[in-house]
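One structure is given below, encoded as structure tokens.
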Ligand SMILES: [Zn+2]
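In the numbering used here, the protein residues as written are 202 to 317.
In structure tokens, the structure reads:
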């Protein structure tokens with residue numbers, strides 16, 4: 202799609218087809234964010250469990266490494282989330298509140314997605 206055309210529209214409220222786009226993007230974001238939160242909580246749970254269960258150290262270490270790998274993959278997937286307005290990566294950090302390219306806020310996307 203034409204970037205100039207898209208950029209000119211950034212100050213206007215999203216049109217009807219864009220609302221659908223925002224909604225899908227927001228849904229995708231929520232899934233990714235929940236996954237990262239779940240992985241983090243799972244990590245804590247596994248850590249607590251491994252402190253109780255007397256695994257051999259090598260097993261402990263392997264589980265830990267595996268989980269870190271999965272967590273990093275999930276976190277990477279979250280940072281790969283694309284901004285619904287400008288189509289670029291929203292932010293390189295995990296919990297960025299605004300798009301680094303067009304300054305669109307997550308709360309604004311949520312509002313559009315929820316139809317408010
Ligand atoms: Zn953007």
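Where a beta carbon is used, it is the ideal one built from N, C-alpha and C, also for glycine.
Nearest-angstrom beta carbon gap, residue j and residue i [assumed within contact, 8 Å]
| i | j | result |
| --- | --- | --- |
| residue 247 | residue 264 | 6 Å |
| residue 233 | residue 279 | 4 Å |
| residue 288 | residue 236 | That belief does not hold up - the Cβ atoms of residue 288 and residue 236 are roughly 22 Å apart, past 8 Å. |
Distance, residue j Cα to residue i Cα
| i | j | result |
| --- | --- | --- |
| residue 225 | residue 255 | 45 Å |
| residue 303 | residue 290 | 10 Å |
| residue 217 | residue 309 | 15 Å |
| residue 315 | residue 215 | 13 Å |
| residue 297 | residue 277 | 13 Å |
| residue 250 | residue 219 | 46 Å |
| residue 262 | residue 281 | 28 Å |
| residue 222 | residue 272 | 27 Å |
For residue i: DSSP bridge partner residues
| i | result |
| --- | --- |
| residue 243 | Note: residue 243 sits in no beta bridge, so no partner. |
| residue 260 | Residue 260 is not bridged to any residue. |
| residue 283 | 290 |
Proximity below 9 Å, CB of residue i to CB of residue j
| i | j | result |
| --- | --- | --- |
| residue 307 | residue 230 | yes |
| residue 305 | residue 284 | yes |
| residue 241 | residue 269 | no |
| residue 286 | residue 292 | no |
Which ranges does the alpha helix (DSSP H) cover as unbroken runs of at least 4 residues, wholly within the region 290-315, from first to last along the chain?
Uninterrupted alpha helix (DSSP H) stretches at least 4 residues long and entirely within the region 290-315 occur at 307-314, given in chain order.
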